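Contents: one structure, followed by commentary.
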Amino acid sequence: MNIYPHLWFNGQAEEAMEFYRSVFKDSRLLARTELPNPELSVVRFELGGLQIAALNANSRVPYNEAFSFLVETGDQEETDYYWDALIAEGGKEQPCGWLTDKFGVFWQVTPAILLKMIADADKDRAERVMQAMYRMKKIIIADLEHAYQG
1 MNIYPHLWFN GQAEEAMEFY RSVFKDSRLL ARTELPNPEL SVVRFELGGL
51 QIAALNANSR VPYNEAFSFL VETGDQEETD YYWDALIAEG GKEQPCGWLT
101 DKFGVFWQVT PAILLKMIAD ADKDRAERVM QAMYRMKKII IADLEHAYQG
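So for the sequence shown, UniProt numbering puts the first residue at 1; every next one is plus one.
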């Protein structure tokens, strides 16, 4: 059994797949399926070990924050890379490390250290980090560390 996300794109499934594969170097095409209706097709691909299906359909249903992809990063350089790549060509910054890409898909670019800091047993430290994060769009690790230290 396999479970994986299946996203609808308004005529842009192939373009979306190519965009994501250009951002995530650990990616590969798994399959292309042409459906009987010439306007419909499905591509399956893998990003960082996660299989994703993308349907080319005439869907006007917008994506929203109820579903997002979280990219856990190791350092500021990696955070900057994914942030900049995913907002390229018309993506939009959102608060707290969230963004929407040019297709409207929601992403969280989250340094692993942020997840560790907000889970700290010292609730005052964790709260200071949360308050610092609330003021950010792209996450800046040095600012989180400053808040963490008090």
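The beta carbon of each residue, even a glycine, is placed where N, CA and C say it ideally should be.
The structure presented is a predicted model; accordingly, all values stated were derived computationally and were not measured.
Rounded to the nearest angstrom, the gap between the Cα atoms of A13 and V61 is 14 Å. Sixteen is the threshold: when 16 or more other Cβ atoms of the shown chains lie within 10 Å of the Cβ of I52, as they do, the residue is buried. Looking at I139, A126, R135, the one whose alpha-carbon comes closest to that of E78 is I139. Contact between V109 and G97 holds, since their C-beta atoms are separated by about 5 Å, short of 8 Å.
Taking the Cα positions, K102 is about 9 Å away from A16. Partner residues in the beta bridge of H6, as assigned by DSSP, are A53. Assignment of F106 by DSSP, reduced to helix, strand and coil, places it in the strand class.
A distance below 8 Å between beta-carbons, with the five flanking residues on each side excluded, links L144 to the following residues of its chain, in chain order: P111, I113, L114, M117, V129, A132, M133.
Nearest neighbour of D122 by Cα position, chosen from K137, F106, W8, Y148, turns out to be Y148.
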